[in-house]
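One structure is given below, encoded as structure tokens.
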Amino acid sequence: MRKLLLAAALALGLGAGWAEARTVRWAASGDPNTMDPHSQNVGTVTMVLQQIYDTLIARDQELGLAPGLATRWEQVEPTRWRFWLRDGVKFHEGQAFTADDVVFSVTRAQQPTSNYAIYVDTIERSVQVEPLVVDVITRVPDPILPNKIASLMIMSRSWSEAHNSTRPQNTRNREEMYTTRNTNGTGAFRLQSREPDVRTVMVRNTDWWGWNEPSSREANVTEIIYRPISSDATRIAALLSGEVDFVLDPPLQDLNRLRAAPNIKVVEGPEVRTIFLAMDVHRDELLYSDVRGRNPLKDLRVRQALYQAIDIQAIHRTTMRGQSVVTGTFFPPQVNGYSREEDVRLPYDQARARALLAEAGYPNGFEITLDCPNNRYINDEQICQAIVAMWARVGVRARLNAMPLAPFFAKIQRDDTSIYLLGWGVPTLDALYSFQSLLRSRDGGQGNGIWNYGRYSNPRMDQLIEIMTNQSGAPRDAAIREALRIYREDIPHIPLHHQMIPWAMRSNLTIPHMANNQPYFRWARMN
Amino acid sequence: MFAFIISRILQAVPVMLTVALISFAMFAYVGDPVAIMLGQDFTEAQRDQLVRDLGLDQPFWVQFATFIGHAAQGEFGLSYRLSRPVAELIAERAPATLELAFTAAALALLIGVPMGVYTGLYRHSWLSRFFLTFSLIGVSLPTFLIGILLILVFAVWLGWLPSFGRGDTVNLGWWTTGFLTVSGLKALVLPAITLGLFQLTLIMRLVRAEMMEVLRTDYIKFARARGLPNRVVHFGHALKNTLVPVITIVGLQLGAIIAFAIVTETVFQWPGMGLLFIQSVGAADIPVMSAYLMLIALVFVTINLIVDLLYYAVDPRLRIGRGKGGH
Amino acid sequence: MAAAVQRFLDSDLWWSFRRSPVTVVSAIVALVCILGAVLAPWIAPHNPFDLASLNLSDAFKPPAWDEDGAAEYLLGTDDQGRDVLSAIMYGARVSLLVGLSATIFATVLGVSLGLTAGYAGGHVDSVLMRICDIQLTFPSILVALLVDGVVRAVLPREVHDQIALFVVIFAIGISEWPKFARTVRGSTLVERNKEYVQAARVIGVPSLRIMFSHVLPNVIGPILVVATLNLGLAILSEATLSFLGVGVPPTQPSLGTLIRIGNDFLFSGEWWITIFPGVALIAMVLSVNLLGDWLRDALNPKLR
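Chains as they are written, first to last, in our numbering: chain A, 4 to 530; chain B, 38 to 364; chain C, 175 to 478.
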């Protein structure tokens, strides 16, 4: 009898094919704080929303550009990009997708309440040419516009207008916005229910245009249940005990145990994020130090000493448990503009570090305070602890000031810091984004030096960044190359490593590992 | 009676105001909500605008007065982190915490009272010694360590019970309950034990002490002298007399349970108010934090008031004291 | 002095102490904990605060008896290469310091206010007891959180880190005083009406002197019991605050901080980083609690 039932069940299962319910229970430490696609530009929000919303240009599994809602695009004039749109696409609530929705979405992302302005900052306006053709007109020639557009999620104009949500949700409003909790995209999954901090459920959109693409043909996930679990131990316990299928951010120390566990696999890969220390090279007197009237960090020899005192291999081996790529520069190879020749570290050499300090007039070292987040990057506080101990051995008496991300960012954004640890991701996958935010002099121009809290300023660097902004082709490549060399010689930062991002999942789940740390369930398969 | 209630309520007002001031003031240090809300890309003008919009450029006392005015109407504004009304968020989370607290309290009572009675009656039996040692270990273990160990044993090694969350819940309109589903009940076990253990040992020791005290009274000696069977003496006379202080203590401890739920909910990722509080601390979400503290204060003040009224109803001496216009 | 020792050895207290093996064992454990903590700078094998002596390549060494362990690190090392045994000794020092100071603070405050309330009576008594009542319903951990939060709000971060230890002591102490006040007040009320106190009053002995020289000695027993039991609680409160991340600064890790940090390594096989500090904490609190229990029974002849 039992055998018969089993056979029947098997037959049913086979007959049903992918239509059978395949639920992926997914966990990570943070919860998205909004469902508005143009409000918060942070990984925890986009990792959920990119399942629901499409972009004009999609990313392929290697993060290259691929057709999305636009089937092709072309720079028809230096300041005009044309996009030909996919026909027959419908939003989850039934509205037909047209060029007007693109125009609307670009405008919406340009509103002051948007956090996505960086992706549309060069756009002057966009116009509908035909119902399925749209032109984007830029103020200056923008060679990397497609890279930026690939991060712009497309909403429906009529839906947004009907729900009074024509500008991005913003926490300043006295009332809550419809888009905080509701979505209407064209993507592979629909939002079914959401309880903030508890659970977000998405179901397969069977009408999605992409299911027949080669990369998605094998995909069979019908439901995604996302649950935030902030405690590392609990998240891992849940995976081990079979309560979740997929953990986006397993703690490094648990990887060996996870690898050894039956039915669980760990998929490793690099992330487009670089960890480095940035230094105050502007003030004439260092804050939080015993040095009076001077700023040792303005002296290149001191910066070099701090650099060479760090045993990066020990950090790689022990603190990161091998899950890092040691680097001498500040963005990884996936980013356009990366150059292997410029990715060279100064060697670890304590004797040299001591000599440099003595030469600079600090034979007995000095006091300094290292600001460090303790819940933002992988093992951030542990890295800082290790560095403080390494500096102690060359005589630099560093005090570690480790804080949660909220007070940490508040502090460094006031320039109230001498030296701090930062992790920098590059969503556009182009070097300009990093140079402009981190190394450009702060002159008030949009995006210029907004993350340059050490206030590094070098006129030549600024010139090169200008070239990167306005030119394309060989001159641009040469500018990036030269800027990277200046970065290496000036040491405004002490580069550490690119993060690796292992994903842990049950063995029956297959999902391509992505360097932007975003799982794409449209490519996932559950067996 | 009426005057008594009024005076007690009037006494509660300064308490609430103090807590409001504290809860409003305390988290100014946690961080600048502006930094979190802006994200990675912004202009100086955007930042200044946001500071003005949030009223963060106003003097402290102005911000506080605005806060009190709104709080009195149950209006705590919008959460910085989730952009939703705070009152709504807390209302969503309250059932989880209350169900957990209730279960923990029930567990503590149902197990703690019999254990206390037993150890009070049979002071020298080995089981009593075991219970007492166990209770001491219970008092000496920090809550977070108990939670972690329970997860390790029952969720990871044995795989019997879930390690986090509330399981499936049933929505009853304005209340979601985990009592009606199997997974909801299973999810409740470990957190409830973690939260209830300390109260359990407390109740056990209290009942034991009270039992021993009562058993020595003349009242019990007379009952025995009358030839009543042990069972009647123990449960009819002795236990009944110990229950009044026990129930009072349990009532007062409800506050402690809700407060320690912060730790338990953090360990078990229990989606209640305590977890909301801790997550809000991490994000410098001041509206949620102040509302939570105000709510907790309100709960305590209410419990206190009820206990006072009960005493008043039970103890005639208090009424006479009132009549004289003394204290 | 010898006579005093002799009197103690003849006393009931010593007799009941020797008769209870559990008590003797817990006294020994408590003594070991205290000695280890107090003498840490002289007897600990390493100094975990000396950053220059740390070596990252020594990190994650298991205990010495494990085949990968090193004799140099008896209980293994943590993620930064710190010796776990030394860290525990220094951590116990912080925990004990906070626990003892907070308890002493609570005792002094509670006893003074309790004596005043009990002796003065009237409005003073009613106001003080009202505050007691209200505070008793607030769980100590929440009071401590509030106090810590206020101090953080008032003081800039850098200053706060320097005085964080005192803040925690104050926060825990202020949350525990009502227990002492209540106990003392109760006993004082009883003593106040006794003839010798009445007599002293009649002959015009100042109130303060009556309170401290006549009433106080008679309530020392209950105070001692409450204080001992409270010590365990104070140590746990500190550990919980440190676990929530608002306790002592990480530069002076207490046992609670060590457990919190080690907790991340519980599932990964490096169990010694969290288990040993946990065991030390439990041993310390348990032995103190057992001693307190014994003391309560021993000082309360009715229970014998």
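Even glycine gets a Cβ: it sits at the ideal position worked out from N, Cα and C.
These figures come from a predicted structure and were not determined experimentally.
Check	Outcome
Runs of alpha helix (DSSP H) lying entirely within the region 249-284 of chain A, each at least 4 residues, in chain order	258-263
In DSSP terms, what W84 (chain A) is bridged to	A:Q78, A:V139
Near the ligand ZN: G296 (chain A) beta-carbon under 6 Å from a heavy atom	Judged by which ligands are present, the structure shown has none, so any question about the ligand ZN falls away.
Nearest neighbour of E444 (chain C), chosen from C:S194, C:V301, C:F234, C:G395 [CA to CA]	C:F234
CB contact flag (L405 (chain C), V462 (chain C), <7 Å)	yes
Beta-ladder partner(s) of F192 (chain A), from DSSP	A:R207
Option in A:D374, A:T372, A:T209 with minimal Cα separation from V224 (chain A)	A:T209
One or two residues paired with K93 (chain A) in a DSSP bridge	A:A99
Under 8 Å by beta carbon: chain C residues contacting N278 (chain B)	Correct list: empty, because the minimum Cβ distance to chain C is about 17 Å.
For V317 (chain C), the nearest candidate out of C:V459, C:G292, C:A408, C:A401 (CA to CA)	C:A408
Rounded C-alpha distance that separates L363 (chain C) from L390 (chain C)	12 Å
Contact with chain A by A224 (chain B), beta-carbon distance below 7 Å	no
Spatial distance of L169 (chain B) from A296 (chain B) (CA atoms)	25 Å
Reduced DSSP secondary structure (H/G/I, E/B, other) of P199 (chain A)	coil
Exposure label - R177 (chain A); buried when at least 16 CB within 10 Å	With a pLDDT of 47 at R177 (chain A), under the threshold of 50, the modelled position of this residue cannot be trusted; read the value that follows with caution. Classification of R177 (chain A): exposed, given that the 10 Å Cβ count is below 16.
Separation of I497 (chain A) from L360 (chain A), as counted between CA atoms	16 Å
Close beta carbons around T101 (chain A), own chain, < 6 Å, minus the five adjacent residues each side	P134
Nearest to A153 (chain A) (by Cα), restricted to the options A:K301, A:S129, A:Y122, A:P171	A:Y122
Min CB distance S194 (chain C) to chain A below 7 Å	no
Short CB-CB distance (under 7 Å) between F439 (chain C) and chain B	no
Assigned exposure category for F439 (chain C) - 16 Cβ within 10 Å defines buried	buried
Same chain only: Cβ atoms within 7 Å of A264 (chain A), ignoring 5 sequence neighbours per side	L243
Exposure of F39 (chain B), with buried meaning 16 or more beta-carbon neighbours within 10 Å	exposed
Supposed close pair T472 (chain A), L435 (chain A) - CB separation, criterion 8 Å	6 Å
Buried versus exposed call for H297 (chain C) [16 or more other C-beta atoms within 10 Å across all chains shown]	exposed
Alpha carbon of A120 (chain A) to alpha carbon of Q353 (chain A), nearest angstrom	44 Å
Beta carbon proximity, R396 (chain A) to chain C, threshold 7 Å	yes
Where I232 (chain A) meets chain B, residues with beta-carbon distance less than 7 Å	F201, Q306
Beta-carbon separation (whole angstroms), S112 (chain A) vs H166 (chain A), contact threshold 8 Å	Looking at the sequence shown, residue 112 (chain A) is not Ser but Ala. 17 Å between Cβ atoms; not a contact.
R245 (chain B): contacting residues in chain A (beta-carbon distance under 7 Å)	Neighbours of R245 (chain B) on chain A: none; closest Cβ ~35 Å, over 7 Å.
Buried or exposed by the 16-neighbour rule on C-beta atoms within 10 Å, applied to V399 (chain C)	buried
Where the beta strand (DSSP E) containing A262 (chain B) begins and where it ends	From DSSP, A262 (chain B) is part of no beta strand (DSSP E) but of the alpha helix (DSSP H) over 255-262.
Local Cβ density within 10 Å of W526 (chain A), reported as buried at 16 or more and exposed below that	buried
Contacts around P427 (chain C), its chain only, beta-carbon distance under 6 Å, and the 5 residues preceding and following it disregarded	G265
H41 (chain A) (DSSP reduced to helix, strand or coil)	coil
Test: L148 (chain A) CB closer than 7 Å to a CB of chain B	no
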